[in-house]
Amino acid sequence: RADVVTIPVVVHVVYASEEENVSREQIDSQIAVLNQDFRKANPDAAKVPSVWRDLADDARIEFRLADTDPSGAATDGIVRRRTTRSSFGDDEAVKFDDRGGSSAWPADRYLNLWVCRLEPWLGYAQFPGGPAETDGVVIGHTAFGTTGTAAEPYNLGRTATHEVGHWLNLRHIWGDDGDGCSGDDFVADTPNQGGPNFGAPAFPHISCGNAPDGDMFMNFMDYTDDRAMFMFTKGQGERMDACLAGPRSSLVA
Ligand code: ARG
Ligand code: ZN
Ligand code: CA
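UniProt numbering applies: residue 52 is where the sequence shown begins, and numbers increase by one.
Right, dumping it as structure tokens:
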């Protein structure tokens, strides 16, 4: 794919308290992080260990708040909805008007991104191929953007980078097999890795016989802290491309 693609985003802010009603500034900070991370324009890309520098990918995907709503009217791409629910889980309620949430815009034309008080997760995503009504990503308001309610160590917008990675069909880098060595992320250029990494590990961290370079724990699809994750690989970029050429092709038409 030669051209950069731009994905229209609708942000649904579902709030019971004013704190949860995140500001436009906080929303813009999140969109800015996505645009850095999916273009290898994040300043911390310079921290990728030299052994993997050539693998670090500019995925050539950009994001902007939608300027047209589903009926064709002008919009700022933000839906704000007051709720009586004090928090949400991963039961999809935040995605429906009649369950205290905000209903999805057509998933073939928008990336739906919900922000709410989410417990106990930082975020969750729907992979391509699922029902349109629940398609998109949900991000907790304390793990959203880089300002306002964003709280350390999840205050650099990487939860959304990770969840949008899933939405574009990326799997966890350790292969979702617990700590085992047989799980696969279906990407050839990511090292085989035991389990998830947390915090900010020191390089190298060896598992599954992957010495000397070890786990690629600075990959956005690991579970490290926001400040410790800063790359997608070219293989992951190819997988996202296949998604945008296949199940999500209507978004880039
Ligand atoms: N799906 C993961 C969770 O909710 C998100 C992990 C995001 N990691 C991060 N450093 N922001 O547990
Ligand atoms: Zn994940
Ligand atoms: Ca594994």
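Each residue gets a CB set at the ideal place from its N, CA and C atoms; glycine is no exception.
Since the structure is predicted, the reported quantities are computational estimates derived from the model, not experimental observations.
Pair within 8 Å by beta-carbon distance, residue i and residue j
i: Met272; j: Ile224; result: yes
i: Val188; j: Leu221; result: no
i: Ala110; j: Gly128; result: no
i: Gln77; j: Gly229; result: no
i: Phe281; j: Lys98; result: yes
i: Arg168; j: Glu71; result: yes
i: Phe195; j: Val166; result: yes
i: Leu302; j: Ile58; result: yes
i: Ala67; j: Thr135; result: yes
i: Val130; j: Val55; result: no
i: Asp108; j: Thr284; result: yes
i: Pro255; j: Pro263; result: yes
i: Phe139; j: Val60; result: no
i: Ser153; j: Arg132; result: yes
i: Tyr175; j: Asp142; result: no
i: His192; j: Val73; result: yes
i: Pro219; j: Val84; result: In the sequence as displayed, the identity of residue 219 is Leu instead of Pro. No, these two residues do not count as a Cβ contact at 8 Å.
i: Asp253; j: Met269; result: Sequence inspection shows Ala at residue 253; the Asp mentioned does not correspond to that position. Contact flag unset, no.
i: Gly286; j: Ala239; result: yes
Backbone secondary structure at residue i - three-state DSSP
i: Pro94; result: helix
i: Asn270; result: strand
i: Ile82; result: helix
i: Arg133; result: strand
i: Val56; result: strand
i: Ala125; result: strand
i: Ala144; result: helix
i: Ala107; result: strand
i: Ser74; result: coil
i: Thr185; result: helix
i: residue 390; result: No statement about residue 390 is possible, as the shown extent of the chain runs from 52 to 304 and does not include it.
i: Val99; result: coil
i: Asp240; result: coil
i: Asp276; result: coil
i: Ser301; result: helix
Enclosing beta strand (DSSP E) for residue i [first to last residue]
i: Glu113; result: 112 to 116
i: Ile224; result: Where Ile224 is concerned, there is no enclosing beta strand (DSSP E), given that its DSSP letter is neither H nor E.
i: Ala176; result: 174 to 176
Start-to-end residues for the alpha helix (DSSP H) that takes in residue i
i: Thr193; result: No alpha helix (DSSP H) contains Thr193, which DSSP labels as neither H nor E.
i: Ala296; result: 285 to 296
i: Arg209; result: 209 to 218
Residue(s) in a DSSP beta bridge with residue i
i: Asn163; result: Val61
i: Arg150; result: Answer by DSSP bridge pairing: none, since Arg150 is not bridged.
i: Phe139; result: Leu169
i: Thr119; result: Ala125
i: Met282; result: Asn270
i: Tyr66; result: Arg133
Any non-hydrogen atom of ligand 5 closer than 7 Å to residue i Cβ
i: His256; result: Ligand 5 is absent from the structure shown, which contains only ligand 1, ligand 2 and ligand 3.
Does the structure place the stretch 156 to 169 close enough to the stretch 103 to 121 that three or more beta carbon pairs sit under 8 Å?
Per the Cβ contact rule, the stretch 103 to 121 is in contact with the stretch 156 to 169 (3 or more Cβ pairs under 8 Å).
How do the stretch 237 to 244 and the stretch 203 to 216 stand: do at least 3 beta-carbon pairs fall below 8 Å, yes or no?
Remark: fewer than three beta-carbon pairs, one from each stretch, lie closer than 8 Å, so the stretch 237 to 244 and the stretch 203 to 216 are not flagged as touching.
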